[in-house]
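Going by the UniProt record's numbering, the first residue of the sequence shown is number 1, and it counts up by one from there.
Where is the CB? At the ideal position from N, CA and C, for every residue including glycine.
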Amino acid sequence: MKGKERIDVLLVNRGFFPSREKAKSSIMAGEVFADGIRIDKAGSMVNIDTEIKIEGKLLPYVSRGGLKLEKALKYFGINPFNKIALDVGASTGGFTDCLLKNGALKVYSVDVGYGQLDWKLRNDPRVINMERTNIRYLETLSEMVDIITIDVSFISLGIVIPSVDKFLKKNGELIALIKPQFEAGREKVGKKGVVKDKIVHIDVLEKVSKICKSLSYDIIGITYSPIKGPEGNIEYLIYAVKRPPDNKNINIPNVVETAHKNLN
C-alpha cells in the first residue's frame, strides 16, 4: 500500500523548495498541481509517489538535484549508459534518478539518513538502497563502479573523495557537487550559511582540484550548477577521471565569474 504525505512536506523532500514556508507560498499562489489537480492547502495529503508540477512545469526527476547532475552530463558529455554507479549523499534520489534516466545499469544509493529515498526509486530493481550508511566508514561494495557522483552537506569533499576512491575502477568517472559553504572556513561563511565572495569560491575550487590531483585524478573540467542550493548558495560541479592527470590548466576564476554573472 502506498503511503501518503502532506504536500508541503513532500515538496521540500523532493527538493522543489528549501522550506515548508516557501512551499506553502507556492501552494497559496495556485502554482502546485498533484496528479493534474491544483492543490490549495499546504496540509493536503497526497500519495508519496504523486506526480507534481509547479506552474505547469514537470520536474523530470524526483528532486531538483537531478537538474544539477543533468548539467554535468550534458556539459562534459558524460554517458552513464550501461554503467554501474555509486551515488553518495543520495537523499531523495535526484542524482540516482538522473543516472537511471540516462541508462545506468545499477546505482548504489548511499546516504547517512533514513527514509529519504523516493518511493519510486526504493522499488526500482536497479537501485541498491544503502541508507543509514556513513560513506567514511563504508569498507566494501560488492563490486567496483564506473561512475561516482557526490552531493553531500555538512562534510567536506576533502573527506568524502578519499573515502570513495577505492570503489572506482581505473579510468572511472567522478562527478562531485561543490558547495562552498561546506568547504570554506567557518569565518568565511556569511549569514544563513551563504558564501558570496568570489575569492572564497575560487579558493574552494582550487582546494577541491588539489584533492583530486593528489589522488591521481585527471580533472576534465569545472562548471557551475544551473540552480542555486538552499539559502541561495552558488554551487559547482567538478568532473574528473581516475587516470594520471595531464596537468592542463582550468580557468577557475572564469568559471566563478560566469557563475556569478548568470546566477546573481
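Query	Result
DSSP state of Y239 mapped onto helix, strand, coil	strand
Strand pairing of L87, partner residues [DSSP]	Here residue 87 turns out to be Asp, not Leu, going by the sequence shown. Its beta-bridge partners are S109, T149.
Cα-Cα separation, E51 to P244	44 Å
Beta-carbon separation (whole angstroms), G172 vs D146, contact threshold 8 Å	5 Å
Best match in T96, G229, E70, I227 for proximity to K120 [C-alpha to C-alpha]	T96
For F182 and I135, the rounded distance between their alpha carbons	17 Å
Other residues of its chain near D49: CB distance less than 8 Å, five sequence neighbours each side excluded	K2, D118, W119, K120
Among G229, V194, E235, D197, the one whose alpha carbon lies nearest that of V208	E235
Exposure label - K179; buried when at least 16 CB within 10 Å	buried
Residues bridged to A176 [DSSP beta-bridge criterion]	I150, I238
For T223: DSSP bridge partner residues	L237
Neighbourhood of E131 by C-beta, 6 Å cutoff - its chain only, sequence neighbours within 5 removed	D111, Y114
Beta bridge counterpart(s) of K4 as assigned by DSSP	N47
Beta carbon of I220 nearer than 9 Å to that of V204	no
For I250, the three-state DSSP class (helix, strand or coil)	coil
Residue from K213, R14, V88, Q116 with nearest C-alpha to L177	V88
8 Å contact criterion, which L237 and A72 should meet: CB distance rounded	4 Å
Cβ pair I27, K4 closer than 9 Å	no
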